[in-house]
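J.: The sequence shown begins at 200 in the working numbering and counts up by one. From the three backbone atoms N, C-alpha and C, an ideal C-beta is built for every residue, glycine too.
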Amino acid sequence: AVIIALTGLISGGIAVMNALLLTIEERKKEMGLYKFYGTRIRELQYDIVYTALIICNSSGIVGLILGTIAGSFIGSFINVRARVEFMSIFITITASTIIGIICSLYPALRIKRVDASEAIWGE
Numbered sequence: 200a201v202i203i204a205l206t207g208l209i210s211g212g213i214a215v216m217n218a219l220l221l222t223i224e225e226r227k228k229e230m231g232l233y234k235f236y237g238t239r240i241r242e243l244q245y246d247i248v249y250t251a252l253i254i255c256n257s258s259g260i261v262g263l264i265l266g267t268i269a270g271s272f273i274g275s276f277i278n279v280r281a282r283v284e285f286m287s288i289f290i291t292i293t294a295s296t297i298i299g300i301i302c303s304l305y306p307a308l309r310i311k312r313v314d315a316s317e318a319i320w321g322e
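(1) Please report the residue range of the alpha helix (DSSP H) in which Lys227 lies.
(2) Would Val215 be called buried (16 or more neighbouring beta carbons within 10 Å of its own) or exposed?
(3) Excluding the five sequence neighbours on either side, which residues of its own chain have a C-beta within less than 7 angstroms of the C-beta of Gly274, listed in chain order?
(4) So Ile277 is in the alpha helix (DSSP H); what residue range does that whole segment cover?
(5) Which value, in whole angstroms, describes the spacing of the CA atoms of Ile259 and Ile202?
(6) For Ala307, count the other beta carbons within 10 Å of its own beta carbon; 16 or more makes it buried, fewer makes it exposed. Which is it?
(7) For a quick check, are the C-beta atoms of Gly207 and Cys255 less than 8 angstroms apart?
(8) For the region 222-242 against the region 310-321, do three or more pairs of beta-carbon atoms, one drawn from each stretch, fall closer than 8 angstroms, so that the two count as touching?
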């Protein structure tokens with residue numbers, strides 16, 4: 200079960216990272232304008248990290264809820280009571296947060312490569 204969970208976390212993290220890279224490419228002109236008008240690169244990087252954290256933590260919470268429902272449903276058939284402990288909630292949220300931070304680092308560093316003049320004038 201741990202190997203399956205880690206595989207899901209890693210593949211989900213890669214998907215989030217690719218989605219953020221695509222977002223940067225789509226919003227290149229907008230980010231160029233932000234840079235042109237004086238927004239610091241650090242603020243744009245924080246925006247990417249916050250987006251990744253929202254996506255990963257909401258996915259972790261939904262996974263926890265669906266896992267609890269599935270465990271209760273399966274447990275009702277085999278006469279086993281499923282219960283959720285605080286440690287499982289803590290591990291889920293912590294793992295989601297760590298994956299969100301790790302997978303947002305590369306896209307956040309890619310923002311430095313966006314040239315303001317090229318983003319505004321060039322296609």
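T.: Quick look at the numbers:
(1) Counting along the chain, the unbroken alpha helix (DSSP H) around Lys227 starts and ends at Lys227 to Phe235.
(2) Its Cβ being crowded by 16 or more others within 10 Å, Val215 is buried.
(3) Arg280 and Ala281.
(4) Looking at the DSSP string, Ile277 is not in any alpha helix (DSSP H), and its letter there is neither H nor E.
(5) What sits at residue 259 in the sequence shown is Gly, not Ile. Using only the alpha carbons, I get a separation of about 16 angstroms.
(6) Counting every other CB atom within 10 Å of its CB across the protein chains shown gives Ala307 a total of 16 or more, marking it as buried.
(7) Not a contact, by the Cβ cut-off of 8 angstroms.
(8) Under the Cβ criterion (8 angstroms, minimum of three pairs), the region 222-242 counts as touching the region 310-321.
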